[in-house]
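Worksheet: the structure to be examined is printed underneath.
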Amino acid sequence: MPTFCRHNRFIERCPICRKTLPGYEEQPPSAGASSPGAPSARTSSRRAPRAPGQSDGVRVRRELRAADDGYRCSLLPGLRASADARRLAEEIAFSSGRLLALGSQPPGLYGEARALAERDLERATWTCFLIAYLSPLEGSEPFAGIGKALGSEQGHLQELEGIPLGPRTSHDPGRGGETLRAYRAWAAQSGSQARAFLGDASWSPQRRFERIFERLALPGLQRAARYELLLLLGALAIYELEPDGLHAAGAGALAARDAATLAAKRVFGIGDPINLDRRAAALARTLAVPVGALDLALANWGSETRATLGFAPGTRDTAAFERAQQALGL
555 MPTFCRHNRF
565 IERCPICRKT
575 LPGYEEQPPS
585 AGASSPGAPS
595 ARTSSRRAPR
605 APGQSDGVRV
615 RRELRAADDG
625 YRCSLLPGLR
635 ASADARRLAE
645 EIAFSSGRLL
655 ALGSQPPGLY
665 GEARALAERD
675 LERATWTCFL
685 IAYLSPLEGS
695 EPFAGIGKAL
705 GSEQGHLQEL
715 EGIPLGPRTS
725 HDPGRGGETL
735 RAYRAWAAQS
745 GSQARAFLGD
755 ASWSPQRRFE
765 RIFERLALPG
775 LQRAARYELL
785 LLLGALAIYE
795 LEPDGLHAAG
805 AGALAARDAA
815 TLAAKRVFGI
825 GDPINLDRRA
835 AALARTLAVP
845 VGALDLALAN
855 WGSETRATLG
865 FAPGTRDTAA
875 FERAQQALGL
């Protein structure tokens, strides 16, 4: 089966990583190849003038990857370092602990949303939408920005200018209030948010998650926000929703920029979204954690800092971490 390298290419086609393959031999340059000093047609051609404000450089995302120490695990075929596997186990323990807390004693605005659902389901749903869309801040007041947005009535919140955004926000200031309007129009088609998230009463929680995730493909609502919204609504027992995978396939083109999906490609050593879901589900089953815990865990694993999303940094599912250590051979 083809293997992806750390540059997210097939290893056989990567000019850097293919040198590590057994039996590799450097091919001499062809006779028609340009000499280093000879300008090519592409480099000698005049570039089109840049628009005002356009960046001169190329944005490069630095991948956090430890040195190869011989680590190999069938559950994590893309990893070559035990330090990377150990860091993933830590993030899974944090994310799983977060889901456990959401189901038992949700902190801050999470707890308020769950209590509110008993008397005002629409307001509770709107609160969860803003949590997922804006993202809690890091620091001592994680819900300050979301609380400011909640200060406006749902139908009157048009713009988000001046509202601080968290590390996993889906909001693009350039879109203004376009996504808010699209979400309200989406809910209005069903008559209410509650009816929109219920869908067909005969659906299982997994089927409901899948179908509504697809239906929430709204302008500006990125995969992370869609997944987090449905995960929250299910974990807080506001609606019967439960993921059975990462749903990378349902994210379409958005998956190419999604932090969790990009990290999953590196961890599982494959780019096909269907196989990503299968390998994520297999890992979750082996570790006995909800597959929904892998979304935040993978995003944090691929980032320089952990997004805590309103939870204490020391939040941890200790039992899940111990299972991960054993299953991953750490």
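Residue 851 in this note's numbering sits at position 297 of the sequence shown; the count goes up by one each step and never skips.
In this text, a Cβ means the ideal position worked out from N, Cα and C, and glycines have one as well.
Just so we're clear, the structure is a prediction, and the values are computed from it rather than from any experiment.
Heavy atom of the ligand MG within 8 Å of residue i beta-carbon
| i | result |
| --- | --- |
| ALA874 | Within the structure as shown, the ligand MG is missing, as the structure has no ligands at all. |
Rounded separation between residue i and residue j - CA only
| i | j | result |
| --- | --- | --- |
| GLU764 | TYR781 | 10 Å |
| SER758 | LEU675 | 20 Å |
| GLU566 | PRO721 | 35 Å |
| ARG749 | GLY788 | 15 Å |
| GLY864 | LYS702 | 16 Å |
| GLU666 | ASP726 | 27 Å |
| GLU876 | GLY705 | 43 Å |
| ARG832 | GLY825 | 12 Å |
| GLN776 | LEU841 | 28 Å |
| ILE828 | ALA802 | 7 Å |
| LEU795 | ARG634 | 35 Å |
| GLY731 | SER744 | 21 Å |
| ALA698 | PRO867 | 18 Å |
| ARG761 | ARG769 | 12 Å |
| TYR625 | GLY823 | 14 Å |
Coil, strand or helix - residue i by DSSP
| i | result |
| --- | --- |
| ALA736 | helix |
| TRP757 | coil |
| ARG652 | helix |
| LEU830 | helix |
| ILE717 | coil |
| VAL612 | Model confidence at VAL612 stands at a pLDDT of 40, short of 50, so the residue's coordinates are unreliable; what they give is reported in the following sentence. Reduced to three states, the DSSP call for VAL612 is coil. |
| ALA866 | coil |
| THR859 | coil |
| GLU666 | helix |
| ARG626 | coil |
Beta-carbon proximity of residue i to residue j, cut-off 9 Å
| i | j | result |
| --- | --- | --- |
| PRO773 | GLY846 | no |
| ALA838 | ALA818 | no |
| ARG652 | LEU790 | no |
| LEU830 | LEU800 | yes |
| ARG870 | PHE648 | yes |
| LEU642 | ALA878 | yes |
| ALA874 | SER658 | no |
| ILE646 | TYR664 | no |
| LEU670 | ARG677 | yes |
| LEU852 | ALA813 | yes |
| LEU816 | SER636 | no |
| ARG673 | PRO660 | no |
| PRO696 | GLY728 | no |
Top-ranked residue by Cα proximity to residue i, from the options
| i | options | result |
| --- | --- | --- |
| TRP885 | THR723, TYR737 and GLY864 | Outside the shown range of the chain, which is 555 to 884, sits residue 885, and nothing can be said about it. |
| ALA881 | SER628, ALA620 and GLU794 | SER628 |
| LEU786 | GLY699, ASP623, LEU654 and ALA621 | LEU654 |
| PRO690 | ARG634, SER744, ALA779 and GLU645 | ALA779 |
| ILE792 | GLU713, CYS682 and TYR625 | CYS682 |
| ASN854 | ASP623, VAL821, PRO661 and PRO660 | VAL821 |
| ALA861 | GLU768, ILE766, GLY823 and GLU692 | GLU692 |
| ALA836 | LEU630, GLU644 and GLU713 | LEU630 |
| ALA739 | ALA771, GLY856 and LEU719 | ALA771 |
Neighbour-count burial assignment, residue i, 16 or more Cβ in a 10 Å radius
| i | result |
| --- | --- |
| SER598 | The predicted model places SER598 with a pLDDT of 38, which falls under 50 and marks its position as unreliable, so this point remains unresolved. |
| THR540 | Beyond the ends of the chain as shown, which are 555 and 884, falls residue 540; an answer cannot be given. |
| GLU715 | exposed |
| GLN747 | buried |
| ALA741 | buried |
| ASP623 | exposed |
| GLY632 | buried |
| SER724 | buried |
| ASP638 | buried |
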